[in-house]
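Residue numbers (the numbering used here), protein chains in the order written: chain A, 63 to 175; chain B, 3 to 112. We put the beta carbon where it would ideally sit given N, CA and C, even for glycine. These numbers come from a predicted model, not from an experiment. Structure, as structure tokens:
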């Protein structure tokens, strides 16, 4: 158990819908990272927040957005969902801004039908 | 662009040694990390190389050569529980952006 929690564990929704994935980092960690893992694309970095501020950005779609709240939990919002958005979404956390050791949560499996 | 290449599958027997290679085409990164992932579970950190050379952590060792754009993960005394996917990842000098390879699925046979 990494200490990172993610909810929900599974999510099934229809195309065109919007969902919110939630992540609570390990106690004391200030950075939260979001990754998408699909069969054909592997693990893709989406975005990083550090202490409430966006720190680094990957190839995150415009339909996706994220934020980190004052209590350091983070939410990833996915809208206008497409079939291709079906994937495992992982949140990770670390203490600092540029840590090579990141602690991953159990993931949210999103299925878009 | 940024790309990392790893073999897609490797098979070895219990007790053996296996090496998983990672070649990359990228620049401006801090170092090379290795992560293990069991069957869709959470990736877990194994090792990191900031400098060229070998880093040893128990049964696992990792190597980096920046001049050759190459690294590897060495697993010794293989156990059945080592059957998993192994990912190399480069850490970029912009926050904590980790760019992952496609992963190598290791199967350990008795």
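Those residues which DSSP pairs with residue i across a bridge
i                      : result
residue 22 of chain B  : B:75
residue 64 of chain A  : Its beta-bridge partners do not exist; DSSP assigns none.
residue 82 of chain A  : A:139
residue 149 of chain A : A:172
residue 27 of chain B  : B:5
residue 107 of chain A : A:97
residue 130 of chain A : A:136
residue 99 of chain B  : Beta-bridge pairing links residue 99 of chain B to no other residue.
residue 39 of chain B  : B:87
residue 162 of chain A : Per DSSP, none; premise fails for residue 162 of chain A.
residue 77 of chain A  : DSSP, once it has assigned bridges, lists no residue as partnering residue 77 of chain A.
residue 94 of chain B  : B:31
Cα-Cα separation between residue i and residue j, rounded to whole angstroms
i                      : j                      : result
residue 94 of chain A  : residue 174 of chain A : 25 Å
residue 84 of chain A  : residue 169 of chain A : 10 Å
residue 5 of chain B   : residue 103 of chain B : 7 Å
residue 160 of chain A : residue 99 of chain B  : 7 Å
residue 54 of chain B  : residue 143 of chain A : 43 Å
residue 76 of chain B  : residue 89 of chain B  : 13 Å
residue 108 of chain A : residue 120 of chain A : 5 Å
residue 68 of chain B  : residue 49 of chain B  : 16 Å
residue 162 of chain A : residue 52 of chain B  : 9 Å
residue 36 of chain B  : residue 101 of chain B : 11 Å
residue 75 of chain A  : residue 60 of chain B  : 44 Å
Neighbourhood of residue i by C-beta, 6 Å cutoff - its chain only, sequence neighbours within 5 removed
i                      : result
residue 171 of chain A : 72 and 150
residue 157 of chain A : 91
residue 15 of chain B  : 111
residue 139 of chain A : 82 and 127
residue 64 of chain B  : 36, 49, 51, 57 and 75
residue 88 of chain A  : 65, 66, 155 and 165
Proximal chain A residues relative to residue i, where beta-carbon distance stays under 7 Å
i                     : result
residue 99 of chain B : 107, 110, 118 and 120
residue 89 of chain B : 105
residue 33 of chain B : 162
Cross-chain neighbours of residue i in chain A, by beta carbon under 9 Å
i                     : result
residue 45 of chain B : 97, 99, 105, 152, 154, 164 and 166
residue 50 of chain B : 162 and 163
Contacts of residue i in chain B (Cβ-Cβ under 9 Å)
i                      : result
residue 133 of chain A : The contacting residues do not exist; residue 133 of chain A stays about 20 Å from chain B at best.
residue 64 of chain A  : 44 and 46
residue 169 of chain A : 42, 43 and 44
residue 93 of chain A  : 97 and 98
Cross-chain neighbours of residue i in chain B, by beta carbon under 7 Å
i                      : result
residue 161 of chain A : 98
residue 90 of chain A  : Residues of chain B passing the Cβ test: none, with the nearest at roughly 16 Å.
Contact set for residue i: own chain, Cβ-Cβ below 8 Å, skip 5 residues either direction
i                      : result
residue 117 of chain A : 93, 110, 111 and 159
residue 105 of chain A : 97, 98, 99 and 152
residue 132 of chain A : 114
Same chain, Cβ closer than 7 Å to residue i, neighbours up to 5 away in sequence not counted
i                      : result
residue 13 of chain B  : 109 and 111
residue 85 of chain B  : 108, 109 and 110
residue 145 of chain A : 77 and 174
Neighbour list for residue i in chain A, Cβ cutoff strictly below 8 Å
i                      : result
residue 104 of chain B : 104
residue 74 of chain B  : Within 8 Å Cβ-Cβ: nothing; residue 74 of chain B doesn't reach chain A, min ~17 Å.
* To do: Kindly confirm or deny that the region 131–151 of chain A and the region 92–102 of chain A touch, where touching means at least three C-beta pairs closer than 8 Å.
  => Touching, per the Cβ criterion.
* Asked: Should the region 14–31 of chain B be called in touch with the region 117–130 of chain A, which here means at least 3 C-beta pairs below 8 Å?
  -> With a cut-off of 8 Å, the region 117–130 of chain A and the region 14–31 of chain B do not count as touching, because too few Cβ pairs lie within range.
* Asked: Using 8 Å as the Cβ pair cut-off and three pairs as the minimum, do the region 21–31 of chain B and the region 41–53 of chain B touch?
  -> With a cut-off of 8 Å on Cβ pairs, the region 21–31 of chain B is not in contact with the region 41–53 of chain B, counting fewer than three such pairs.
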